[in-house]
Amino acid sequence: MPAFKRYRGQQPNNQQQRAPQMNRQQTSSVQHPSQPVNNAPQENQMFQDVPGYPVQKQAAPEAATAPQNGQPNVNMGFPTNNQQQMVQTPPSTATVPTQQPLQPSFPPDDWENTEQDLKDLDAQRAQMKQQLRSELLQSRSHYNQLIQNKLNYGNQNNDIQLETTKVKQINRTLRAWFGTDQMSGEIVFDSQRKYFILQESFLDQNDSQRGYLANLDYFLDDKTILPAIVSLNYDEELMKHWQTYLDDGIVNPDAVLFNIYRSFQNDEEYETVTAAQKQGLIEISAEARVETDKDNNVDYIYEKNKLIMKVVKNEAGNPLNIYHYHDDRILSIDFIDDQGINMVTQVMDPHDANNVLRESFYRPDHSLAIVKSGVAGEPYIQIFNQANIMIQTFDNEQSFILWWLANKVLDEQSTIIVPVSSPMCRILLKQAQNQFQVIPIVDNWRQETQEISNLLAHPDLLQDGIIVFDTDAQKQIDKLTRGKINVSVIPEAMADDEQA
């Protein structure tokens, strides 16, 4: 039975029925016979053995004291006094019963579990939708790569019908679930290919770019890819710096190093020069005088009081650099390696000691490998074989590097990852075509905005995709290219996670 609202002062229904009514001053002493008061029986039933009352009322005594209990009023059924004064009935002291709360027929907090189930379903749906997006984009990248490979090798359009149909189907599915198909996919990394990471030179231990290189290396390692490192600058301490990379976990311990100058100077190990050979490395005349600066490990050699040579030595006393002088001006500098071999000679401008006119790079057998010239009218770079016969010339550094990479390092199964900031990036992208793959990498999106804008203006050069280190860069590339370029994001601190 439904419960009703109670208002202030209202008693329960059963109490209202039993509560005595208050005496009122009557306008008539006779009630209508058809309206019994307080459910009392009618007069002929209630007073059948009592003589009838006199019609006239007797006057009340003047000084009479009102009785403690009034005479019963036959008509009203209430006690009354002679002065018709109202006597208030004392309130009932009976305890009012309280209404018991309704007991529900179901657990009242079940909605919380149901709500949590819905939230779990929403989360599961969002996760599955994200998984679907990733799978669709990876699949589209795969089929687009197949199409590109077939076209590069001269296949006709009818040979790519299956792949084209798959791409169209994937795009329809993307539009159905996500409202658009203009979103970038992941780069397709193939563990069967050879991967190279291009660096101008080795990075200092305090350079933050080392972290980017380490994260890239671990990212590729997760895809079972072992990239080689390619450096382009001459480095007297090349192998020392490479060992630091290995010790610090910047690259895989099994990684291989390619250096353009080392490759021409002979990448193979050679026999250690004996102490006797090192002693005879520097020849001076009998009239020469040697002065030694022990604090700085430097020998000064004079002839007729003129400085002709300065030898800078390492802690073991072996020569590192030999400076040659003529008329008190520096003529040339020899760079000696740890084995006592002269690997490079720089010929200086006699009018400007800071200007290098010519650099000669030697092999361990002392044959000439490379000559770099700053003299007007001469080729910038000349390449020699071990018989000291010139085999190639180049007018600039970039042409030399491109020739070396294309002919000595990369092939059709190679992919080289190049920093956007490198001058070689656009050169390699234009040259690649069918020879090798080139993937630009963005080290710093905010600092390299101009270079990136120039690249994105030519999306045809970015068929193999682009690598970034943050999702903001990915979103910007998506927006600018309408998802036509594949973008892979390298997670931060991958190296730290792996080492932990």
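Every number in the numbering used here is 552 more than the matching position in the sequence shown, counting from 1.
Quick reminder that beta carbons are idealized off the backbone N, C-alpha and C, glycines included.
The structure displayed is predicted, hence computed values, not measured ones.
Between residue i and the rest of its own chain, which residues show a CB-CB distance below 8 Å, the 5 nearest in sequence each way excluded?
i, result
"PHE887", "GLU788, LEU872, ASN873, ASN894, MET895, VAL896, THR897, GLN898"
"ILE1068", "Nothing can be reported for residue 1068, as the shown portion of the chain is limited to 553 through 1052."
"THR1023", "VAL1041"
"LYS702", "ASP711, ILE712, GLU715"
Give me the Cα-Cα distance between residue i and residue j, rounded to the nearest whole angstrom.
i, j, result
"PHE816", "LYS846", "36 Å"
"ASN696", "GLU752", "32 Å"
"TYR854", "LYS862", "9 Å"
"SER657", "THR666", "17 Å"
"ASN758", "ILE993", "21 Å"
"VAL850", "VAL864", "5 Å"
"MET976", "LYS681", "40 Å"
"SER732", "LEU726", "Per the sequence shown, residue 732 should be read as Thr rather than Ser. One C-alpha to the other measures close to 6 Å."
"LEU689", "LYS1027", "15 Å"
"ASN870", "GLY892", "8 Å"
"ILE712", "VAL808", "37 Å"
"ASP879", "SER912", "23 Å"
"GLN700", "ALA905", "53 Å"
"SER743", "LEU980", "22 Å"
"ILE922", "ALA928", "18 Å"
"GLN983", "LEU1013", "10 Å"
"ALA958", "ARG685", "37 Å"
Residue i: buried (16+ other C-beta within 10 angstroms of its C-beta) or exposed?
i, result
"ILE722", "buried"
"ALA766", "buried"
"ARG881", "exposed"
"LYS1031", "exposed"
"ALA615", "A caution first: ALA615 carries a pLDDT of 46, below 50, which makes its placement in the model unreliable, though a value can still be read off. Classification for ALA615: exposed."
"PRO902", "exposed"
"LYS671", "exposed"
"SER760", "exposed"
"ARG978", "buried"
Given a cut-off of 8 Å, decide if residue j and residue i are closer than it, judged by their beta-carbon atoms.
i, j, result
"VAL1039", "SER691", "no"
"MET900", "LEU883", "yes"
"ILE781", "ILE812", "no"
"SER966", "PHE988", "yes"
"ARG915", "GLN938", "yes"
"VAL1020", "GLU1000", "no"
"LEU740", "SER693", "Checking the displayed sequence, the identity of residue 740 turns out to be Val instead of Leu. In this structure, SER693 lies closer than 8 Å to VAL740 by Cβ."
"ILE1029", "ILE1037", "yes"
"ASN804", "LEU768", "no"
"VAL961", "PHE771", "no"
"LEU698", "GLU715", "yes"
"PHE730", "HIS793", "no"
Under DSSP, the alpha helix (DSSP H) around residue i begins and ends at which residues?
i, result
"HIS793", "790-799"
"THR666", "662-704"
"SER951", "949-956"
Tell me which same chain residues have a C-beta within less than 7 Å of the C-beta of residue i, skipping the five on either side of it?
i, result
"THR1033", "LEU1008, PRO1011"
Mind checking which residues open and close the beta strand (DSSP E) that includes residue i?
i, result
"MET900", "894-901"
"SER912", "904-914"
"PHE748", "746-751"
"GLU930", "From DSSP, GLU930 is part of no beta strand (DSSP E); its letter is neither H nor E."
"GLN713", "Counting along the chain, GLN713 falls outside any beta strand (DSSP E), though it belongs to the alpha helix (DSSP H) covering 713-730."
"GLN989", "989-993"
Apart from the five residues just before and just after residue i, which ones in its own chain have a Cβ nearer than 6 Å to its Cβ?
i, result
"GLN843", "Note on identity: in this sequence residue 843 is Glu, with Gln being the wrong assignment. Contacts found: TYR852."
"GLN944", "ILE935"
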